[in-house]
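A short write-up of the structure that comes next.
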Amino acid sequence: MMGEQHAKIQARHLKRNAYLYVRQSTLRQVLENSESTKRQYDLRERALALGWRLDQVVVIDSDLGQSGASAVDREGFQRLVSEVGLGRAGIVMGLEVSRLARNSTDWHRLLEICALADTLILDEDGVYDPAHFNDRLLLGLKGTMSEAELHVLQARLRGGILNKARRGELEIRLPIGFDYDPAGRVRLDPDVRVQESLRQFFRTFRRTGSATATVKAFRAEGLSFPHRIYRGPQTGELLWTDLEHSRALWLLHHPRYTGAFCFGRTRVRKQPDGSHRHQRLPSEEWVALIRDAHAGYITWDEYEENLRILRDNAQAPATGRDRGTPREGPALLQGLALCAKCGDRMTVRYHVNGTRRVPDYVCQREGVEHAQPICQQIVGGELDAAIGRLLVEVVTPITLGVALAVQKELESRSEDSDRLRRQAVERARYESDLARRRYMRCDPDNRLVADSLEAEWNQALRNQTVAQEHYDKQRESETGLDDQQRAAILALAKDFPRLWNDPHTADRERKRMARLLIADVTLLKEADIRAQVRFSGGATHTLHLPLPKPAWMLRQTPGTVVAEIDRLLEDHTDSEIADWLNDQGLISGDGKPFHRPMVRRIRIDYALPSRHDRLRARGLLTLHEMAQRLNICPDSLKRWRRAGLLKAHKYDDRGGYLFEPPGPDTPVKHQHQGKTTGKSTTREGSFPAHTA
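Residue numbering for the sequence shown follows the numbering used here, beginning at 139 and increasing consecutively.
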């Protein structure tokens, strides 16, 4: 048998290098299972015995501590495959197949390349030629058994883990706020400050209804949040840092805070590139879920309500039925409006009317996804106002109770924040005292240790001073509600219409108040706009609103202004009329002040006779007509008008006048030739009676 194996080694193989591949699965095995590593290195002696020189033996051991389940992260194995493919390897050596690969795909790929490159394979049992069918069959069986061995080991370990998890006895890493007691049971963290921080977090979320708003509230009040380190030299230590948004979402999604034991919330899938993708599973697919397994911070119902709020706050909901978080725009029914035709939630658009933004409620999901016409679009200005009036009518009888609840909530919120900051001061004082005791127990002559402990004591004292100053500053800024403030809150509650219509009330807060009372509003636009309001308690109320006027009607000049212009045209020009209307505080249909071109445009659009036409209808004459009748030049006529000898009426702003017909007493000028100078002279006289 050995002769047959040696017969497989030809001179062409000895001309190329012999590659020895050394691998251990973990670093722990490298340190503890040193005998296995030594046996792999001893294969160099086998290569020398088979005819290779010492300088031809290449050892590849860069994969020590790497698993053989995949070749993605194994640089040594990839180098080995490259050398074989380039025809530089006469033989590949490994103690056993599992050292080279525990994955059938990687193993058979190596066999295929070795067969094409005429490369032999050596293990502890002998020498094989992958180009021969029998050797290849045997190597394939060894690779399959190696992969099956890895699967059996993993399945055995996984089965034990799942069995303990289904009983709720598996010890896994706990989230912040929990730890194990000496008996291995889960309990709340003994640190009272950690417990209060988590309770304050869940209270703040219930109050604000948003993870982002919760983070902002913690930042505004100067509150820190606990974070435990699980890696590095500081493993197990507790740090207090600012609350992050991702951390807030993780806390709200974790069912362990309800006191439930859970396992298998995610599924891990291996990708072709060797990476892993984590997929979150619904609760019915979890491996284990045991409610009330230990003490918690919230109930299971509160946990599910928190998840519902987060789904409603989603910016890009998958179902199209989620409400989203209240935004800063003036649309009162943002997230509440439903289409009565298709049942989808309507989105919000805005258009500008003058200086204010007016919302439009649009059902456009089918139009966006399937290029279909939108179901309906409803202007929301009058609709929002009607909903506001309805809320004022509904809320008024219970405003006093709401005010008392708000007052109690404000006081409780202030007390909770003050308690957390006071606990931070107590923690800093404890660490300072601990550092002092360590320093006092130290031998004064051991300066290396004493100097280090003294520095820690000084740093603890500085931290205590900072915490105390921060507490005092916040204490001064957050004074309790006095009697005058309580009276103001009660007075404001009794006058809920003023609170609702107060321009200083933010649109976002007004929408939050509406959501406390309204579940949704179903809109239908036909002959009129029908809005069916469904309150949170289940009661309904239907509103009927007229259709909004088209844009041209909204910008139309009021009829009273048109009538006033018609009256003023009897005695005034366009500019004079514009000035008079502005002095009276009147505005156009666009909400703008009047000017001469605007008055002229209105006069033309409404077919109002101009001042010129009105004066002509009264028999007034133009400049040339008057000059011809009086038989004088137009310039003289202008001088007579300025001198007050003729009565004229101004009909435009560019100096145009119309003259009243002359009477019998109208002065007239006769022209005749002078006898001596040859120039014409003028004398005044009365206009002839027969020409009057």
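Glycine included, C-beta positions come from ideal geometry on N, C-alpha and C.
Just so you know, these numbers come straight off a predicted model, no measurement behind them.
(1) Around the Cβ of Cys771, are there at least 16 other Cβ atoms within 10 angstroms (buried) or fewer (exposed)?
(2) Between the C-alpha atoms of Arg333 and Arg305, what's the straight-line distance to the nearest angstrom?
(3) Go to Ile314, then tell me how far its alpha helix (DSSP H) extends in each direction, as first and last residue.
(4) May I ask you to list the residues that DSSP assigns as paired with Cys400?
(5) Based on DSSP bridge pairs, tell me the residues matched to Phe797.
(6) In this structure, how does DSSP classify Asp329 when only helix, strand and coil are distinguished?
(7) So, at 8 Å on beta carbons, what are the nonlocal neighbours of Leu186 in its own chain, with the 5 sequence-adjacent residues on each side left out?
(8) If we call anything under 9 Å between Cβ atoms a contact, is Leu655 one with Val532?
(9) Less than 6 Å between C-beta atoms, sequence neighbours within five positions excluded: which residues of the same chain meet that for Val700?
(10) Helix, strand or coil for Trp190 per DSSP?
(11) Got a sec, what are the start and stop residues for the alpha helix (DSSP H) Val737 sits in?
(12) Looking only at DSSP bridge pairs, what is Asn155 linked to?
(13) With DSSP collapsed to three states, give me the class of Pro364.
(14) Put Asn639 into one of helix, strand or coil per three-state DSSP.
(15) So, with DSSP's three-state summary, where would you put Lys302?
(16) Use the C-beta contact count for Asp571: other C-beta atoms within 10 angstroms, 16 or more gives buried, fewer gives exposed.
(17) Is it right to say Arg294 is buried, meaning 16 or more other beta carbons lie within 10 angstroms of its own, or is it exposed?
(18) Got a sec? Which residues, its chain only, sit under 7 Å from Thr379 by beta carbon, not counting five neighbours each side?
(19) Quick one: using the 10 Å Cβ neighbour count with 16 as the cut-off for buried, is Lys649 buried or exposed?
(20) Since Tyr395 and Leu387 should fall inside the 8 Å C-beta cutoff, what is the C-beta to C-beta distance between them, to a whole number of angstroms?
(21) With distances taken Cα to Cα, identify the nearest neighbour of Gln178 among Glu262, Lys354, Ile742 and Asn301.
(22) Output the distance between the C-alpha atoms of Val737 and Asn451, rounded to the nearest integer angstrom.
(23) Pull up the CB-CB distance for Arg749 and Thr711, whole angstroms please, since I reckon it's below 8 Å.
(24) Might you give, ordered along the chain, the residues of its own chain that have their beta carbon closer than 7 Å to the beta carbon of Gln502, omitting 5 neighbours on each side?
(25) Could you tell me the distance, in whole angstroms, from the CA atom of Asn301 to the CA atom of Lys408?
(26) Excluding five sequence neighbours on each side, which residues of the same chain lie with their C-beta closer than 8 Å to the C-beta of Arg459?
(27) Which partner residues of Thr660 appear in the DSSP bridge assignment?
(28) By alpha-carbon positions, which one of Leu784, Arg344, Lys611 and Ala566 ends up nearest to Glu594?
(29) Suppose the cutoff is 7 Å on Cβ atoms and the five residues either side in sequence are ignored; what does the same chain contact list for Phe673 look like?
(30) Given a cut-off of 9 Å, decide if Arg161 and Gln216 are closer than it, judged by their beta-carbon atoms.
(31) Which whole-angstrom value is the C-beta distance of Leu719 and Phe732, which I expect to be below 8 Å?
(32) Can the beta-carbon of His392 be found less than 9 Å from the beta-carbon of Pro268?
(33) In terms of residue numbering, what span does the alpha helix (DSSP H) encompassing Gly264 cover?
(34) Find the nearest neighbour of Val563 within the set Arg527, Ile147 and Arg600, judged by alpha-carbon distance.
(35) Between the region 337-351 and the region 421-433, can you find at least three pairs of beta-carbon atoms closer than 8 Å?
(36) Kindly list the residues whose CB is nearer than 6 Å to the CB of Gly113, restricted to its own chain and excluding five residues on each side of it in sequence; keep chain order.
On the basis of the coordinates in this document:
(1) Around the CB of Cys771, fewer than 16 other CB atoms lie within 10 Å, so the residue is classed as exposed.
(2) Note that residue 333 is Gln in the sequence shown here, rather than Arg. Between Gln333 and Arg305, the C-alpha separation is close to 27 Å.
(3) No alpha helix (DSSP H) contains Ile314, which DSSP labels as neither H nor E.
(4) Beta-bridge pairing links Cys400 to Leu427.
(5) As computed with DSSP, Phe797 is found in a beta bridge with Leu759 and Ala786.
(6) It is coil, neither helix nor strand.
(7) Its chain contains Leu192 and Val195 as the residues whose beta carbon lies nearer than 8 Å to that of Leu186, once the 5 sequence neighbours on both sides are disregarded; these appear in chain order.
(8) For the 9 Å CB-CB criterion, Leu655 and Val532 form a contact.
(9) Tyr744, listed in sequence order.
(10) If DSSP states are grouped into helix, strand and coil, Trp190 belongs with coil.
(11) Looking at the DSSP string, the run of the alpha helix (DSSP H) that includes Val737 is Arg734 to Asp743.
(12) The partner list for Asn155 (beta bridge, DSSP) reads Ala227.
(13) Judged by DSSP in its simplified three-state form, Pro364 adopts strand.
(14) Of the three classes helix, strand and coil, the one that applies to Asn639 here is helix, per DSSP.
(15) Helix.
(16) The Cβ neighbour count for Asp571, taken over all protein chains shown within 10 Å, is under 16; the residue is labelled exposed.
(17) By the 16-neighbour rule on beta-carbons within 10 angstroms, Arg294 is exposed.
(18) Cβ neighbours of Thr379 beyond the five flanking positions: Ser362, Phe363 and His365.
(19) Buried: at least 16 other Cβ atoms inside 10 Å.
(20) That belief does not hold up - the Cβ atoms of Tyr395 and Leu387 are roughly 13 Å apart, past 8 Å.
(21) Closest by alpha carbon: Glu262.
(22) Each residue's CA atom was taken as its position, placing Val737 and Asn451 some 51 Å apart.
(23) Yes, they are in contact, since the Cβ atoms of Arg749 and Thr711 sit about 6 Å apart, within 8 Å.
(24) Result list for Gln502: Thr485 and Ile512, in chain order.
(25) Between Asn301 and Lys408, the alpha-carbon positions lie close to 24 Å from each other.
(26) For Arg459, the predicted model reports a pLDDT of 48, less than 50, meaning its position is unreliable; a value from the coordinates is still stated below. Hits under 8 Å: Asp482 and Arg483.
(27) Per DSSP, the beta-bridge partners of Thr660 are Leu476 and Gln670.
(28) It is Ala566 whose Cα lies nearest to the Cα of Glu594.
(29) Excluding sequence neighbours, Phe673 sits near Leu655, Ile656 and Ala657.
(30) Going by C-beta atoms, Gln216 is not nearer than 9 Å to Arg161.
(31) Taking C-beta atoms under 8 Å as the contact rule, Leu719 and Phe732 qualify, at a distance of about 5 Å.
(32) No, Cβ-Cβ distance for His392 and Pro268 is not below 9 Å.
(33) Gly264: not part of any alpha helix (DSSP H); member of the beta strand (DSSP E) spanning Gly264 to Tyr266, first to last residue.
(34) Put simply, of Arg527, Ile147 and Arg600 the residue whose alpha carbon is nearest the alpha carbon of Val563 is Arg600.
(35) Counting Cβ pairs under 8 Å, fewer than three are found: no touch.
(36) With the chain covering 139 to 830 only, the question about residue 113 has no answer from this structure.
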